[in-house]
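For the sequence shown, the positions run 1 to 438 when our numbering is used.
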Amino acid sequence: MTGTLRERAASTLCRNDAGGWTMAAPALYPHQWSWDSAFVAIGWAHLDLERALAELEHLFAAQWANGKLPHIVFNPAGHFPEAGWWESSRSPDAPAPPPPTSGLCQPPVHAIAVERICMLAARADGGLPDRLRPRFAAAYRRLLDWHEYLARERDPDASGLVTIYHPWEGLDNSPRWDEALAVLEVGDLPSYERRDLQEVADPRERPDQDTYDRYIWLVELLKRARYDDAELQRAHPFLIKDVLFSAILVAANQALLALSSSVGAPASDRLRIAAWIERGRRGLAGCWDDELGLCVDQDVRAGGPIRLRTVAGFAPLIAGADDSGRVVEQLDSPSFCGDPRLRWPLPPSTSPEEPSFDRRNYWRGPTWPVINWLLWWALRRGGEHARAADLRRAGLEQVRVGGFAEYFEPFTGEPLGADDQSWTAAVVLDWLDADSDG
Ligand code: 9WN
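Given below as structure tokens:
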């Protein structure tokens with residue numbers, strides 16, 4: 001592909017545009033994924049503000065009655081497990097068909113995206129343009145319902161931590177889930193055919209077969225529970241309080257608080273959102289592991305912490321915790337960006353010091369541009385401009401050399417996974433914005 005990096009990123013989004021929403025990656029992921037579309041909307045905002053809002057509105061149109069934003073809104077054909085597999089209509093909370101969706105959810109980056117679009121819209125017009133106000137107000141209400149769902153159903157004991165039901169709600173095959181998956185008793189599985197392996201150059205870049213069976217078994221259990229959150233909190237065998245998901249929710253609630261002022265929401269909303277932020281920060285503080293210098297997830301079923309060094313451990317930085325300096329030290333240590341073998345000083349998804357580290361496999365070692373974007377965004381928000389600028393520079397260099405890959409081998413910089421991943425193009429567009437360094 002020729003042209004400047006910006007032109008190439010823009011044409012990747014345009015090629016992946018399915019008409020008002022964007023395929024996460026045309027061959028491997030030909031549907032709308034929830035957190036992908038939040039990053040993608042940020043990218044679109046640098047090309048076309050209305051299109052950026054439309055991206056999220058397409059996702060909001062598939063919101064469940066209980067407020068959940070589904071992890072996938074399906075294109076009529078493509079990915080496995082496809083729409084019918086999920087049987088989301090088993091839950092009374094699912095919307096009347098269409099749109100067909102999965103039954104899981106993903107980290108709530110959406111409010112961060114809407115706030116960023118709002119900021120870019122105001123910057124372009126010297127204030128929020130009147131024509132967009134009703135759309136921001138509608139987005140705000142969707143987001144409030146979404147965050148309310150997470151607080152009410154995914155954190156019923158008000159721990160400040162979000163509980164996930166499936167690895168697909170977090171960082172898929174991260175070693176963080178290994179022990180919880182290993183003790184699952186897998187029952188009779190329906191026969192299924194994986195499509196993901198046909199779309200990558202090397203199957204070792206994807207989860208192995210035993211892991212995939214466990215993913216599919218968990219979907220069977222979710223269906224049997226009719227996606228009923230109370231039932232799942234009571235009996236589901238995979239229940240993890242995910243610190244990365246929880247930290248993104250804290251950051252998203254901060255964004256929602258800012259939006260609440262822009263759309264003139266009632267003071268009672270602001271009090272509620274502020275309480276969620278406080279609760280989230282407290283929950284994360286309780287997951288701090290002094291020895292690792294990172295935050296760690298809690299396995300509800302096993303009743304203990306998951307002590308591993310992965311990018312999820314940087315949760316306090318993303319949540320904007322007061323003491324996130326300790327996490328930045330860890331980010332720059334030899335366990336992550338300070339490893340001399342790295343092609344670029346970007347954090348591997350799992351620390352190379354972990355026995356489970358695998359430099360080519362998905363979330364078990366490769367670096368992910370969207371995670372780099374989140375850390376960059378959090379460093380900037382915390383006033384760490386020089387450190388943020390270094391991360392941005394390295395992140396852009398990685399993509400300039402390797403293209404808009406889904407993820408990268410950390411030691412060689414080889415692009416892996418999908419090679420036209422929309423959210424990679426989107427974060428590049430945001431990084432290339434003139435103000436991104438300041
Ligand atoms: C399952 C789309 C999604 C991302 C996830 C990433 C991967 C899917 C898969 O692709 O997940 O949802 O088949 O592995 O792990 O974060 O949203 O890009």
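Where a beta carbon is used, it is the ideal one built from N, C-alpha and C, also for glycine.
Here R364 is near N173, since their CB atoms are less than 8 Å apart. In the same chain as P107, and ignoring 5 residues on each side of it, the C-beta atoms closer than 6 Å to its own belong to W35, F245, I248, in chain order. With 5 Å as the limit between CB and the heavy atoms of the ligand 9WN, the residues that fall short of it are A24, Y29, W33, D36, W168, D172.
Contact between the stretch 256 to 274 and the stretch 323 to 333 is absent, with fewer than three C-beta pairs closer than 8 Å. Secondary structure of T350 (DSSP, three-state): strand.
Bounds of any beta strand (DSSP E) do not take in P316; it lies within the alpha helix (DSSP H) bounded by 315 to 319. The stretch 352 to 367 makes contact with the stretch 410 to 419, as at least three CB pairs between them are under 8 Å. By DSSP's assignment, W33 forms a beta bridge with I72.
Less than 8 Å divides the Cβ of H71 from the Cβ of S102. For A25, the three-state secondary structure derived from DSSP is strand.
Taken through DSSP and simplified to helix, strand or coil, Q209 comes out as helix.
Apart from sequence neighbours up to five positions away, the residues of its chain that approach C287 with a beta-carbon distance below 6 Å are V243, C295, V296, ordered along the chain. Under the Cβ criterion (8 Å, minimum of three pairs), the stretch 148 to 161 does not count as touching the stretch 182 to 200.
Secondary structure of F60 (DSSP, three-state): helix. Residues of the same chain with a CB within less than 6 Å of the CB of L346, apart from the 5 flanking positions on each side, are T367, N372, A394 in chain order. Rounded to whole angstroms, the Cβ separation of S422 and A24 is 6 Å, and the two are in contact under 8 Å.
The beta carbons of H46 and D433 sit closer together than 8 Å.
When secondary structure is reduced to three states using DSSP, T12 falls in the helix class. When C-alpha distances from G382 are compared across Y149, L56, A321, the shortest belongs to A321. Beta-bridge annotation (DSSP): G304 is paired with D299. Taken through DSSP and simplified to helix, strand or coil, V327 comes out as helix. Note on H236: 16 or more other CB atoms within 10 angstroms of its CB, so buried under the neighbour-count rule. L49 and G84 have their C-alpha atoms roughly 33 Å apart. For A158, same chain residues with a beta-carbon under 7 Å away, outside a window of 5 residues either side, are R279 in chain order.
Counting along the chain, D242 sits inside the beta strand (DSSP E) bounded by residues 240 to 242.
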